[in-house]
Amino acid sequence: MKLTFRVLLGRILFGLAVFLVLAGVLIPYLWMVSGSFKTTLEIQSADVLKPELSPRWFPRKFTWENYLRVNRTVRMLDYFRNSIIISVGTMVFSVGISLFAAYALSRFTFSWKRMYTLAVLSTQMFPGISFLIPYFMMFVLIKHYLGLPMQNTYWGMIFTYTSFALPFSILMLRNFLDSIPREIDEQAQIDGCTPSGALFRVILPLAKPGIAAVGIYSFIMAWNEVLFATVLTGRETKTVALGLLEYITAQQARWAGMMAACILVSIPVLVLFSLMQRYIIEGLVAGATKG
Amino acid sequence: MSSRAKGRRAFRFILPALLCMLFVHVIPIFWGAYIAFIDLDIYTITRWMQAPFVGLRNFFTVFSPATDVGVRYLRSIWNVVYFGLVTIPAGYFIGLLVALLLNRKFFGRTLVRGLILLPYITPDSVAYNVWRFIFQARIGIVNKYLLALGLIEEPIIWLVGDRAIYAVMIASVWKGWPFACLVLLAGLQSIPQELYEAARIDGASSFGLFRFVTFPMLRPVSATLLLLSAIWNFHAFNQFYILLGADPGKAHVPSTFILQEAFTNFHFGQGAAMSVFLTVVVLLMTVAILQVRKRGEEW
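Protein chains in written order, with my numbering: chain A, 9 to 299; chain B, 2 to 300.
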């Protein structure tokens, strides 16, 4: 194509537009990274009204302190341990439970299939606050009548988050299993496998990408949840999402420490997501368009 | 195999998932509806059977413009509606524009697509804490650049008072538009190229292509996306709680307000009444979306 003025102008405008979009997306991240390398003193003494103290993109004094001493003011390492235990637990249970349910939805025909799918879909619609109060009461009463502590325990949180992750996991895994030809497990059953035998010996190896995507989705969901965590976790089980809020108290604002912690909290999520990006995105888009 | 045996076999496979749904979704929804009719507080919580039944009183209280709770609850409902009316269209239009932009082939497209997903996959707790830092009055960059551009004389207090909800809107749109973009990009890619060719042969301009091919073809996916966003808008909690704290004052939304009423002031009954109203609204909207979907695709 001849590079006419018009084409050139079009390309420049296009490049400019892409640049603007990227700038809009990336500026908060740059600010986060820059803040994480500043000293607390530099951030606290900043003042937008005084040009010499105006907040800057490049730290005046570059420091690793915020990363090295991440556990000093806020017990961030404990919160990391709590989040890892709860998220991994959620991942394991959510994968296990959704695999069976998804297999039944994908392979069996039964009269209440449509009704069940609808019910699973609709549970995703209700805001968490719809069940938070009775759910909290249930925890209190289980402790009161059965003596089994639920609030501020790992299993209480894992059970809660597993149930939150299930609707999406089941539907996503069902879509994935639907894409595996039925003939394969029919053949396995002819060869003498039971349905669950076919599921474990034949389907499981084929469904690995779908299972990984569901597991990662569940992990991230538990890692990020805030609302139920504010009520149901306590000192021993507090997760990273809530821990970040502790950097700002009525007495002190430790923004530099918080920005460093923010980066550490994001890393597992970003790494896991990029591992299974394609499948999770397909699932999310299908969730919004197909159900 | 008989249909009952088939049903039983499926039931065995689905049972664990059913139990989870039962304990976390079904029982709490109905129980919550019951709590809304009793006067439950911190003292009666373990003897909830004895908490006095008060009929519709909780509902009258939370909807009455004469009580403090009522005023604040009604305001929180208005806030979440207002919030949705601004952020959903804004997110949709930014998403659509960027989707149209990225639907072209260019060098580095995969990288750009990956980067624009960042806000969507960043944990809410991280993203909104960073925005909280950005919106700080004396140390934040928003005020720095507004001052530099001469748009304001004094640093603005963003996160308290009347402006708080706008700060939350900005952060939420930033976080939310990539999802709309993703869905619309998938929609754009499913449009058959022949339609464009045919339209071009008929002499359509590039605006005509958008108006008569792209836009109608994106309609079903847009309808579902917008309806889902409208429902999920009632979930709004993280952005308000993280940016504005446990008590957003005038900028409460139902989730933050119910949390505060129930777990700071221990008005469980009134909190449940407010939750029940939300549940009913969401239920009605879900029925609406299922109707729209039924017309589209059979699943």
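We put the CB at the ideal spot given by N, CA and C, even for glycine.
Nearest residue (CA-CA) to residue i, options the options
i	options	result
A37 (chain B)	B:T280, B:T88, B:R139 and B:I140	B:T280
F136 (chain B)	A:V277, A:T238, A:P63 and A:N90	A:P63
C270 (chain A)	A:G18, A:P203, A:K121 and A:Y37	A:Y37
Y74 (chain B)	B:L284, B:F258 and B:P29	B:F258
G56 (chain B)	B:R10, B:N144 and B:Y35	B:Y35
R286 (chain A)	A:V234, A:L250, A:P217 and A:I166	A:P217
Y153 (chain A)	B:K295, B:T47, B:T215 and B:V283	B:T47
T257 (chain A)	B:A252, B:K251 and B:A247	B:A247
N239 (chain B)	A:I137, A:L21 and A:A25	A:I137
I35 (chain A)	B:I290, B:F211, B:K176 and B:I232	B:K176
L280 (chain A)	A:F70, A:Y225, A:M267 and A:L235	A:Y225
M133 (chain A)	B:I30, B:G250, B:F61 and B:I202	B:I30
R164 (chain B)	B:V283, B:R58, B:K106 and B:G250	B:G250
A206 (chain A)	A:V222, A:A220, A:G223 and A:L185	A:L185
A264 (chain A)	A:I141, A:P67, A:K58 and A:A237	A:P67
Q292 (chain B)	B:P221, B:L186 and B:R114	B:P221
I275 (chain A)	A:K46, A:V41 and A:L17	A:V41
V103 (chain A)	A:R262, A:V222 and A:A249	A:V222
P59 (chain A)	B:R10, B:R212 and B:I140	B:I140
Boundaries of the alpha helix (DSSP H) in which residue i is found, first to last residue
i	result
I28 (chain B)	I28 to I36
E195 (chain B)	Q194 to I202
W175 (chain B)	A165 to Q190
W79 (chain B)	D69 to L103
I46 (chain B)	Looking at the DSSP string, I46 (chain B) is not in any alpha helix (DSSP H), and its letter there is neither H nor E.
A220 (chain A)	K216 to N232
C21 (chain B)	S4 to M22
N119 (chain B)	The question names Asn, but residue 119 (chain B) in the sequence shown is Leu. From DSSP, the alpha helix (DSSP H) with L119 (chain B) extends over L119 to I122.
A249 (chain A)	V248 to G251
I141 (chain A)	I137 to L149
G200 (chain A)	Premise fails: G200 (chain A) is in no alpha helix (DSSP H) and is neither H nor E.
F216 (chain B)	F216 to W233
W132 (chain B)	D125 to I135
I50 (chain A)	In the sequence on display, residue 50 (chain A) carries Glu and not Ile. T48 to S53 is the extent of the alpha helix (DSSP H) around E50 (chain A).
V128 (chain A)	K121 to T131
A31 (chain A)	F13 to S44
V300 (chain A)	Only positions 9 to 299 of chain A appear in this structure, which leaves residue 300 (chain A) out of reach.
L210 (chain B)	S207 to L210
CB-CB length for residue i against residue j, believed under 8 Å
i	j	result
D55 (chain A)	L61 (chain A)	4 Å
G33 (chain B)	V277 (chain B)	6 Å
F147 (chain A)	Q159 (chain A)	5 Å
M229 (chain A)	Y162 (chain A)	Not confirmed; about 16 Å, so no contact.
A109 (chain A)	I178 (chain A)	5 Å
I94 (chain A)	L174 (chain A)	Not really, about 16 Å apart at Cβ, beyond 8 Å.
S4 (chain B)	S119 (chain A)	6 Å
I122 (chain B)	L235 (chain A)	At roughly 19 Å, the Cβ-Cβ gap does not stay under 8 Å, so I122 (chain B) and L235 (chain A) are not in contact.
A172 (chain B)	I157 (chain B)	The pair is not a contact, with the Cβ atoms about 15 Å apart (cut-off 8 Å).
V100 (chain A)	L183 (chain B)	Not confirmed; about 28 Å, so no contact.
Under the three-state DSSP convention, the category residue i falls into
i	result
I188 (chain A)	coil
C261 (chain A)	The residue asked about is misnamed: residue 261 (chain A) is Ala in this sequence, not Cys. Of the three classes helix, strand and coil, the one that applies to A261 (chain A) here is strand, per DSSP.
I105 (chain A)	helix
I39 (chain B)	strand
F278 (chain B)	helix
I158 (chain B)	coil
I153 (chain B)	coil
I256 (chain A)	strand
F241 (chain B)	helix
F70 (chain A)	coil
F267 (chain B)	coil
F306 (chain B)	The first residue shown for chain B is 2 and the last is 300, placing residue 306 (chain B) beyond what the model contains.
L272 (chain A)	helix
G246 (chain B)	coil
N144 (chain B)	helix
F1 (chain B)	The structure shown does not extend to residue 1 (chain B), since chain B is modelled only from 2 through 300, so no value can be given for it.
E262 (chain B)	helix
M158 (chain A)	coil
W300 (chain B)	At W300 (chain B) the pLDDT is 38, less than 50, meaning the model places this residue with poor confidence; the figure from the coordinates comes in the next sentence. Residue state, collapsed to three classes: coil.
Outcome for residue i when other beta-carbon atoms lying within 10 angstroms are tallied against a minimum of 16
i	result
G79 (chain B)	Here residue 79 (chain B) is Trp; the residue named in the question, Gly, does not match the sequence. Exposed, by the Cβ-count rule.
E299 (chain B)	With a pLDDT of only 42 at E299 (chain B), under 50, the local geometry of the prediction cannot be trusted, and no value is derived from it.
G251 (chain A)	buried
F27 (chain A)	exposed
I20 (chain A)	exposed
P203 (chain A)	buried
N74 (chain A)	buried
F241 (chain B)	buried
K69 (chain A)	exposed
Y143 (chain A)	buried
Residue i beta carbon near the ligand NAP (any heavy atom closer than 8 Å)
i	result
L17 (chain A)	Ligands in the displayed structure: none, and consequently the ligand NAP is not present.
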